[in-house]
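Number of protein chains: 2
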Amino acid sequence: MAQHEAREGRLRPARRLTLSEDVYESIKTLVMDHILPPGERVNIDALARELDVSPTPVREALARLEADGLVRKRPLSGYTTTPLLSRAEFDDLFDVRLLLEGATAGRAAAHASTEERQRITAEAAASIDVEAGDGYRRHAAFTALDATFHDLIAEVAGSPLLRDSVTRLHSHLHLHRLYFPVTGAPATNTEHQRIAAAIAAGDSEAAAEAMRAHLTAARERHLPAFDQLPDPGTPRDPV
Amino acid sequence: MAQHEAREGRLRPARRLTLSEDVYESIKTLVMDHILPPGERVNIDALARELDVSPTPVREALARLEADGLVRKRPLSGYTTTPLLSRAEFDDLFDVRLLLEGATAGRAAAHASTEERQRITAEAAASIDVEAGDGYRRHAAFTALDATFHDLIAEVAGSPLLRDSVTRLHSHLHLHRLYFPVTGAPATNTEHQRIAAAIAAGDSEAAAEAMRAHLTAARERHLPAFDQLPDPGTPRDPV
DNA sequence: CAAAGCAACATCCTATAGGAAATAGGTTCC
DNA sequence: GGAACCTATTTCCTATAGGATGTTGCTTTG
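Respectively, the protein sequence lines represent chains L and F.
My numbering puts the first residue of the first sequence at 49, with every later residue one more than the last.
My numbering puts the first residue of the second sequence at 49, with every later residue one more than the last.
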């Protein structure tokens, strides 16, 4: 049963601890980067062959991804990648982000340690040198940096439950953003630095307010995307 | 391969659509009702034999439950039910509930339809006749009714993302409450009715305030539980 | 020409078997 | 008497095979 020597030369990164974990990360990346396009059927067997594993760990990873909201499962019809965000879902996402991330910023300003405040300030400053690169790469780097900044604040807020909720929200955001390159990188950086300054100063109310202003502005920057492409609506259960 | 006639007489309820779904609900109930005690190892094969299915759907259900936070998975050591809430985790839970459910109550007051307002009012009123029953049964019924009320408000708030977050939080709460019967049923009912009245009247601010007052009071009612039993602390990764 | 029915196909879902790792217990050595 | 090492067992993890179901395309009929 020569199943080990075939493991070389696969397109997955070096294995973590369990195969299921690797497969989970691999598929998550495939969905996040839209290599598996939104709203498309996911063939378990084909995916297993592609990753050079048996269908069982693929099935297990898909079950976790469904709980994350990145794929959907129709009972006897297989898995499907979650379709693109509709306008209503996008608005809902930012409404909830406003609520949750306003709170994380305020709490971060109150609870963060000295070392954590420095990390946040550094992260906001590091956002500048993403000007390098071109097109897709540059946009992907910017998106990753933005996510890192927001996740860092959620991490520092000192509430595991709040952090989980925010992280879950962010993975939903990726279902929209990668398709629509935005041009507001400089504005985003200054807004980030304003948030970082308020947190460093320990001013909870100012931090929350700066975060809410940032999210409101970011929401406005993303809006034109819905005019460029036909709105996908919510064609998610065509029965 | 006589695998169908063995399906009769199992302790699972009638099958929904897929076996994995049934198994998921079954295990979820086992964890919620503490038939699988918190912090205990979960043997996949034993569970599969108990439910009279193969390990594969059990494994899939466990993966979903891990995403829900009801079980944990240590890479090469199997699954474990999530341990009891520590004092710090309990405080965190109610902090986040205060934030999220205050928002759901306010939004429910603004967005609910006439029919939905009636359902909420009816649900709050129905909370009275749980005085019947004894001990465990009575407490379980009260807990279920409380969860239904809060979930209903989250449902009506008109934000799918917010509803998911709240629902997720509630499943965490079950990890604490069932072990410590509380005596505040009458107070809970009046508080629920006050919330329902504010929502029915369409007063967002009053509804949010009533919800926050309710949660603050409920938190106080639960607190003595930590004095009755030795605090479990956070013995979750004994290596 | 359109719609309904049928059949073939592809895919998912479940069951079983075997290899690998971690845990637990006993033994031995210090 | 205690700690470290080794061995045996248990358990998890992965792979493969077969049955049931949904889906798709074609044919036939009105």
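Note that the Cβ used here is the ideal one computed from N, Cα and C, for glycine as well.
Predicted model, so just to flag it, every value in this text is computed and none were measured.
Query	Result
Nearest-angstrom Cα distance between Ala189 (chain L) and Glu69 (chain F)?	38 Å
Within the 8 Å Cβ cut-off, does Asp116 (chain L) reach chain F?	yes
Name, going along the chain, the residues of the segment 86 to 111 of chain L whose beta-carbon falls closer than 9 Å to a beta-carbon of chain F.	Thr104, Arg107, Glu108, Ala109, Leu110, Ala111
Flag Thr27 (chain L) as yes if its beta-carbon sits less than 8 Å from any beta-carbon of chain F, otherwise no.	The structure shown does not extend to residue 27 (chain L), since chain L spans only 49 to 287, so no value can be given for it.
Just to confirm, is the Cβ distance from Ala205 (chain L) to Thr169 (chain L) under 8 Å?	no
Under 8 Å, Cβ to Cβ, is there at least one residue of chain F near Ser219 (chain L)?	no
Mind checking the segment 190 to 222 of chain L against chain F and listing, in chain order, the residues whose C-beta falls within less than 9 Å of any C-beta there?	Gly206, Ser207, Pro208, Leu209, Leu210, Asp212, Ser213, Arg216, Leu217, His220
Can you tell me where the beta strand (DSSP E) with Thr130 (chain L) in it begins and where it stops?	That residue, Thr130 (chain L), is in no beta strand (DSSP E); it is neither H nor E in DSSP.
Can you tell me whether DSSP reads Val101 (chain F) as helix, strand or coil?	coil
Count the CB pairs spanning the segment 255 to 275 of chain L and the segment 118 to 130 of chain L that are closer than 8 Å, and state whether there are at least three.	no
Per DSSP, what are the beta-bridge partners of Val90 (chain F) in this structure?	F:Tyr127
At a Cβ threshold of 8 Å, is Thr66 (chain F) touching chain L?	yes
To the nearest whole angstrom, what separates the beta carbons of Glu303 (chain F) and Glu73 (chain L), a pair I think is in contact under 8 Å?	What the structure shows of chain F is the stretch from 49 to 287, and residue 303 (chain F) is not part of that stretch, so it cannot be assessed.
Leaving out five residues on either side along the sequence, give the residues of the same chain with a beta carbon under 7 Å from the beta carbon of Glu203 (chain L).	Arg211
On the criterion of 16 or more Cβ atoms from any shown chain inside 10 Å, does Thr196 (chain F) qualify as buried, or is it exposed?	exposed
When you compare the CB of Ala266 (chain L) with every CB in chain F, is at least one pair closer than 8 Å?	no
Looking at C-beta atoms only, is the number of pairs between the segment 134 to 146 of chain F and the segment 90 to 103 of chain L that lie closer than 8 Å three or more?	no
I need the straight-line Cα distance from Thr162 (chain F) to Ala156 (chain L), nearest angstrom please.	40 Å
Could you check how far apart the C-beta atoms of Arg267 (chain L) and Gly232 (chain L) are, in whole angstroms? I think they sit under 8 Å.	About 11 Å; that fails the 8 Å criterion.
Where do the N-terminal and C-terminal ends of the alpha helix (DSSP H) with Ile168 (chain L) fall, by residue?	162 to 174
Could you check the C-alpha separation between Gly154 (chain L) and Ala248 (chain L) for me, to the nearest Å?	11 Å
First and last residue of the alpha helix (DSSP H) that includes His82 (chain L)?	No alpha helix (DSSP H) holds His82 (chain L); DSSP gives it neither H nor E.
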